[in-house]
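Numbering (the numbering used here), first residue to last: 99 to 319. Ideal Cβ positions, reconstructed from N, Cα and C, are used throughout, including at glycine. Given the structure is predicted, the values throughout are model-derived calculations rather than measurements. Reviewing the structure listed below.
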């Protein structure tokens with residue numbers, strides 16, 4: 099079994115950044131300065147410990163930091179999964195692979211295993227992250243990871259929908275009969291003959307017609 103401290107640790111972000119760069123062009127030598135500049139690291143020492151040494155351990159760089167044939171296959175989408183499987187078999191012990199035979203890795207259980215090899219929880223978490231990344235064998239979808247930003251955020255406002263008409267509403271209803279003023283009364287045709295004395299005053303004549311309107315048509319009610 100390999101020494102516990104030799105289990106590689108490479109962050110997922112650095113993993114995909116390096117792979118994209120290798121897809122564009124393989125460097126002749128992945129020098130500390132090359133890696134430091136590519137990943138915006140603080141120093142050559144950081145580039146060596148966090149990237150170059152782990153990449154040597156998994157077989158992507160040789161002892162002179164030159165990309166290997168495995169690194170060339172690693173950058174090819176159709177060979178990526180195969181390369182991940184090869185790295186797993188070459189780096190990790192049989193015991194660990196027997197515990198996690200497929201791509202479904204329980205993070206807590208894997209962390210416990212790496213910690214049992216004599217590393218702290220922080221280092222164990224980093225080792226688990228790379229182990230799970232290799233186990234998945236899946237290429238990260240850049241469109242999902244880094245969605246494009248639109249110029250303006252457009253919020254969709256749901257338009258209120260008109261209430262659907264029920265069957266009863268769609269069928270014509272019986273016409274509404276408006277009540278006639280002064281109650282429901284039968285239509286009557288009345289012929290009146292009024293004899294007014296020539297001696298009647300205008301006030302008396304007006305009173306006669308007012309009385310007729312009151313009794314016949316309900317005026318004033």
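Judged by their CB atoms, residue 192 and residue 163 are not nearer to each other than the 8 Å cut-off. Burial is judged here by how many other beta carbons sit within 10 angstroms of a residue's own beta carbon; residue 173 has at least 16 and is buried. For residue 125, the three-state secondary structure derived from DSSP is coil. Less than 8 Å divides the Cβ of residue 106 from the Cβ of residue 189. Taking the Cα positions, residue 222 is about 10 Å away from residue 228.
Taking the Cα of residue 136 as reference, the smallest distance to any Cα among 200, 115, 167 and 301 is reached at 115. A Cβ-Cβ distance of about 16 Å is found for the pair residue 231 and residue 211, leaving them out of contact under the 8 Å criterion. Cβ atoms of residue 158 and residue 166 come within 8 Å of each other, at about 6 Å.
The shortest C-alpha to C-alpha distance from residue 185 to any of 169, 307, 299 and 139 is the one to 169. When DSSP states are grouped into helix, strand and coil, residue 165 belongs to the strand group.
In the structure shown, residue 231 falls within a helical segment according to DSSP collapsed to helix, strand and coil.
In the three-state DSSP reduction, residue 159 falls in the strand class (E or B). Following the DSSP letters along the chain, one finds residue 181 inside the alpha helix (DSSP H) bounded by residues 178 to 189.
Boundaries of the alpha helix (DSSP H) around residue 210: 205 to 213.
With a cutoff of 8 Å on beta-carbon distance, residue 235 and residue 183 are scored as near each other. By the criterion of a C-beta distance shorter than 7 Å, residue 146 is surrounded in its chain by 130, once the five residues flanking it on both sides are discounted.
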